[in-house]
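*Asks:* My questions all concern the structure below.
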Amino acid sequence: MKLRPLAGLAASAPLAERYRSQDPATLSLFGGRRLTEADSWTARASALDETAANRADRSRLVTALRSYNRRLPAHENVERSLDRLASPESLVVVGGQQAGLFGGALLILYKALTVVQTARFAEQMLGRPVVPVFWIAGEDHDYDEANHLHVVSREGKLHRIRMERPEGPRRSVSRTPLAPEQWEAALAELAGQLPETEFTGPLLERLRRHCEDAPSLSLAFARLVADWFGPDGLVLLDADDPQLRAVEGPFFRRLIERNDELEAALRQGEEAVRELGLPVQAESAPGGANLFLHHEQGRLLLFKQNGRFESRRGEASLSRSELLALADTDPQMLSNNALTRPLMQEYVLPVLAAVLGPSELAYWGTLGPAFALFGQTIPLLVPRQSFTYVEPTVAKWLDKYGVSPEDIMLRYEEKKRGWLAAQDAWRLEERFREVKDGFAALYGPLLETLGSLQSGLAKLGETNRDKIFEQIAYLENRATDAFAKQHEAGLRQWERMQTALWPLDRPQERVLSSIHFLNKYGPTWLENWSRVPFDVNGGHRLAEPPSEF
């Protein structure tokens, strides 16, 4: 693919942009290390070697991961990655995301790609095994984040396919059961919306096989990601997997025992971010335990009240000793929140580097004191690579109308109006403005005369004037509609450029699904991403297809 930097898009998180630009004050929140310097990577590797005894038992971890990955499409390179992970010499690059229906939005694919590429980059630099791991946030209960995808329909319109959450308590996504009928309906809707191509049949059949046993959204998602990145040796992990929870138990105990200190450390980290003049992305709640309890009433966030750990509405109330007993004997009853998940990840895995999106980078900026509290250090943080993909047809339209992708993303209405005005040989807007101005100039003196003749006539004259203006406006709208109809094909192409590059007034990668592109271009489209040059500092790049597309 042909790549170039894409500048000018509004930063979703100021802290992330300052981190990417290597601002020294911002880097200090993360240990002051620069991703472009080899010493940063070797120092982090050495620190992991020195603190190996503080992490989870590696053999139990590998056993849990091996068991989970054998539920997914098999790839010998994944087995090889797990064998390598069993070696004390190996390290990990990890990135995570909430699951997405049929793979979700493009940014998920880009994050997995960045994990794989970062692991290769680090392995070449360090000369030791570095395993790519994708952490599926199956413990999250925000089902609405996971239950949909967007495709461009056969009519060229953006279409959202969504699976409703079953009735009942809000459980984690991995624990939310789905009926076969829901999967069948989602597949049927997808099949009815995707434009028919030579790749549609095999793609739908593969998706059908992934969900024929009515899995959770998380498991169906894992199967698809294993299809995509299994050949790259990407190991998948579900944060809500019971075997993994058993490995995590000892660290849940630490989080409970030192919970008041954890709360203070998080506040300290938030203050450090504010001192740099930056907003806090995910502020800790006063009295929050930063832990969830899996309960019959759903996944409940715990708070410290009256010497106990309680849910906000009182569905659950546990003493410290009761919560510690769960950590020891039934850790799958417990769950991390966004602020403790990075700490748990550091305990479970030998994390050389974590791949993060902009919002994640922003809230990790507050975590330095919390890491230190548990004898940990923040891993190297690699910004997720970000792209806008220009399809061949869209590239032709951009050339046809003399606009750039940036024009469509940032100046769409202005550019479209300018193009439409250039097609107007009749100068309709100008002519109607002249008529309205001329009428107003002629009618004004008459209103003055009527007012001096009789006060009631002035009011009648104003009503009459307004009705005439309404009729002129009606005629102008009809003329504008007739003009637009003459250029309907062109306006439709403008709309499709916007749908392709800036759907819902948001970046393409946050809306359009990978399925949309795989249906149009087949497996080659995915293979081409593996050849995209790696940029350790991330940033947004415009990607244009190779000539064979």
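This note's numbering puts the sequence shown at residues 57 to 605.
Here a beta-carbon is modelled for each residue, glycine too, at the ideal position from N, C-alpha and C.
Indicate the three-state DSSP secondary structure (helix, strand or coil) for arginine 126 in the structure shown.
*Replies:* Taking the first residue of the sequence shown as 1, we reach residue 126 at position 70. If DSSP states are grouped into helix, strand and coil, arginine 126 belongs with coil.
*Asks:* Does DSSP classify threonine 536 as helix, strand or coil?
*Replies:* For the purposes of this step, residue 536 is taken as residue 480 along the sequence shown, with counting starting at 1. If DSSP states are grouped into helix, strand and coil, threonine 536 belongs with the helices.
*Asks:* Over what stretch of residues does the beta strand (DSSP E) that includes serine 102 continue unbroken?
*Replies:* Counting from one through the sequence shown, the residue named residue 102 turns up at place 46. Taken as a continuous stretch (DSSP letters only), serine 102 belongs to no beta strand (DSSP E), being part of the alpha helix (DSSP H) at 94–106.
*Asks:* I'd like to know if proline 271 contacts chain B, where contact means its C-beta is closer than 9 Å to some C-beta of that chain.
*Replies:* In the structure shown, chain B cannot be found, because there is only a single protein chain.
*Asks:* Relative to the alpha-carbon of glutamine 479, which residue among Arg597, Gly151, Leu547 and Gly333 has its alpha-carbon at the smallest distance?
*Replies:* Taking the sequence shown and counting its residues from 1, one reaches residue 479 at position 423. Looking at the Cα atoms, Leu547 is the closest of the given residues.
*Asks:* Mapping DSSP to helix, strand and coil, what is leucine 506?
*Replies:* Here the question's residue 506 lines up with position 450 in the sequence shown. In the structure shown, leucine 506 sits in a helix (DSSP, three-state: H, G or I).
*Asks:* Does the distance from the C-beta atom of glutamate 195 to that of alanine 276 stay below 9 Å?
*Replies:* By one-based count along the sequence shown, residue 195 stands at place 139. By one-based count along the sequence shown, residue 276 stands at place 220. Not in contact: glutamate 195 and alanine 276 (Cβ atoms no closer than 9 Å).
*Asks:* Measuring CB to CB, does glutamine 46 end up less than 9 Å from asparagine 110?
*Replies:* In the structure displayed, the chain extends from 57 to 605; residue 46 sits before or after that span and is not available.
*Asks:* With the cut-off set at 9 Å, would you say serine 32 and glutamate 366 are in Cβ contact?
*Replies:* Past the edges of the chain, shown from 57 to 605, lies residue 32, and the structure says nothing about it.
*Asks:* Tell me the rounded alpha-carbon separation between serine 115 and leucine 292.
*Replies:* Along the sequence shown, one-based indexing puts residue 115 at 59. Along the sequence shown, one-based indexing puts residue 292 at 236. So the alpha carbons of these two residues sit roughly 17 Å apart.
*Asks:* In chain order, which alpha helix (DSSP H) runs of at least 4 residues are fully inside the stretch 401–479?
*Replies:* 414–420, 424–429, 448–457, 461–466 and 468–478, all fully within the stretch 401–479.
*Asks:* Please name the residue or residues paired with asparagine 392 in a DSSP beta bridge.
*Replies:* Position 336 of the sequence shown, counted from the first residue, corresponds to residue 392. DSSP lists Leu347 as partners of asparagine 392.
*Asks:* Excluding the 5 residues preceding and the 5 following glutamine 549 in the sequence, name in chain order all residues of the same chain whose CB lies nearer than 8 Å to its CB.
*Replies:* Numbered from its first residue, the sequence shown carries residue 549 at position 493. Closer than 8 Å at Cβ, skipping near neighbours: Trp453, Lys456 and Tyr457.
*Asks:* Counting only the same chain and skipping the five closest in sequence on each side, list residues whose C-beta sits under 7 Å from that of glutamate 532.
*Replies:* Locating residue 532 in the sequence shown gives position 476, counting from the first residue. For glutamate 532, where only same-chain residues beyond five positions count, the Cβ hits under 7 Å are Phe488.
*Asks:* Please list, in chain order, all residues of the same chain as alanine 514 whose beta carbon is under 7 Å from its beta carbon, the five residues on each side excluded.
*Replies:* Within the sequence shown, the letter at position 458 stands for residue 514. The residues are Leu503, Leu506 and Gly507.
*Asks:* Is leucine 214 helix, strand or coil when you go by DSSP?
*Replies:* The residue you call residue 214 lines up with position 158 of the sequence shown. In this structure, leucine 214 counts as strand in the three-state DSSP scheme.
*Asks:* Tell me which residue opens and which closes the beta strand (DSSP E) that serine 367 is part of.
*Replies:* As a first step, residue 367 must be located in the sequence shown, where it is residue number 311. Residues 364–367.
*Asks:* Helix, strand or coil for aspartate 384 per DSSP?
*Replies:* Locating residue 384 in the sequence shown gives position 328, where the first residue counts as 1. In this structure, aspartate 384 counts as helix in the three-state DSSP scheme.
*Asks:* Can you tell me whether glycine 257 is helix, strand or coil according to DSSP?
*Replies:* The sequence position of residue 257 within the sequence shown is 201, counting from 1. Correct three-state label for glycine 257: helix.
*Asks:* Straight-line CA distance for alanine 178 to serine 146?
*Replies:* Mapped onto the sequence shown, residue 178 falls at position 122. Mapped onto the sequence shown, residue 146 falls at position 90. Distance between the alpha carbons of alanine 178 and serine 146: 11 Å.
*Asks:* In whole angstroms, give me the CA-to-CA distance for valine 450 and arginine 552.
*Replies:* Your numbering for residue 450 matches position 394 in the sequence shown. Your numbering for residue 552 matches position 496 in the sequence shown. Computed Cα separation, rounded: 8 Å.
*Asks:* Between proline 559 and histidine 206, which are expected to be in contact by the criterion C-beta below 8 Å, what is the C-beta distance as a whole number of angstroms?
*Replies:* For the purposes of this step, residue 559 is taken as residue 503 along the sequence shown, with counting starting at 1. For the purposes of this step, residue 206 is taken as residue 150 along the sequence shown, with counting starting at 1. Indeed they touch by this definition, with Cβ atoms about 7 Å apart.
*Asks:* Beta-carbon separation of glutamine 154 and alanine 112 under 9 Å?
*Replies:* In the sequence shown, counting from the first residue as 1, residue 154 sits at position 98. In the sequence shown, counting from the first residue as 1, residue 112 sits at position 56. Cβ distance not < 9 Å, so glutamine 154 and alanine 112 don't count as in contact.
*Asks:* Could you give the distance in angstroms between the alpha-carbon of isoleucine 164 and the alpha-carbon of lysine 471?
*Replies:* By 1-based counting over the sequence shown, the position of residue 164 is 108. By 1-based counting over the sequence shown, the position of residue 471 is 415. Taking the straight line from one Cα to the other gives about 31 Å.
*Asks:* Whole angstroms are fine: how far does the CA of phenylalanine 443 sit from the CA of arginine 60?
*Replies:* One-based indexing of the sequence shown puts residue 60 at position 4. One-based indexing of the sequence shown puts residue 443 at position 387. The alpha-carbon atoms of arginine 60 and phenylalanine 443 are separated by roughly 10 Å.
*Asks:* From Leu395, Glu223, Leu300 and Leu382, pick the residue whose C-alpha is nearest to that of glutamate 339; which is it?
*Replies:* Position 283 of the sequence shown, counted from the first residue, corresponds to residue 339. That would be Leu395, whose Cα lies nearest to the Cα of glutamate 339.
*Asks:* Check for me: the beta strand (DSSP E) holding aspartate 79 runs from which residue to which?
*Replies:* The residue you call residue 79 lines up with position 23 of the sequence shown. Counting along the chain, aspartate 79 falls outside any beta strand (DSSP E), and DSSP gives it neither H nor E.
*Asks:* Does DSSP classify tryptophan 284 as helix, strand or coil?
*Replies:* Here residue 284 refers to the residue found at position 228 when the sequence shown is read from its first residue. Three-state result, tryptophan 284: helix.
*Asks:* Under three-state DSSP, which class holds histidine 197?
*Replies:* Translated into positions along the sequence shown, residue 197 becomes position 141. It is coil, neither helix nor strand.
*Asks:* Between the Cα of glutamine 37 and the Cα atoms of Pro306, Val134, Tyr403 and Arg265, which residue gives the shortest distance?
*Replies:* The question about residue 37 has no answer, for the chain in this structure spans 57 to 605.
*Asks:* DSSP state of valine 148, grouped into three classes?
*Replies:* The sequence position of residue 148 within the sequence shown is 92, counting from 1. Three-state DSSP puts valine 148 in a strand.
*Asks:* Short of 7 Å in beta carbon distance, which residues of its chain neighbour histidine 351, apart from the five on each side in sequence? Order them along the chain.
*Replies:* Locating residue 351 in the sequence shown gives position 295, where the first residue counts as 1. Taken in chain order, the residues that qualify are Glu371 and Ala372.
*Asks:* What does the Cβ neighbour count give for serine 137, buried or exposed, with the cut at 16 atoms within 10 Å?
*Replies:* The residue given as residue 137 occupies position 81 in the sequence shown. Serine 137 comes out buried.
*Asks:* With respect to the alpha helix (DSSP H) encompassing phenylalanine 86, which residues constitute its N-terminal and C-terminal limits?
*Replies:* Sequence index remark: in the sequence shown, residue 86 carries index 30 (1-based). Neither: phenylalanine 86 is in no alpha helix (DSSP H) and is coded neither H nor E.
*Asks:* For the candidate residues Thr536, Ala545, Ala540 and Lys492, whose alpha-carbon lies nearest to that of arginine 521?
*Replies:* Residue mapping note: residue 521 aligns to position 465 of the sequence shown, counting from 1. Among Thr536, Ala545, Ala540 and Lys492, the Cα nearest to that of arginine 521 belongs to Lys492.
*Asks:* Out of Val407, Pro271 and Arg226, which one is the CA nearest neighbour of aspartate 105?
*Replies:* As a first step, residue 105 is located in the sequence shown; it is residue number 49 there, counting from the start. If we check each option's Cα against that of aspartate 105, Val407 comes out closest.
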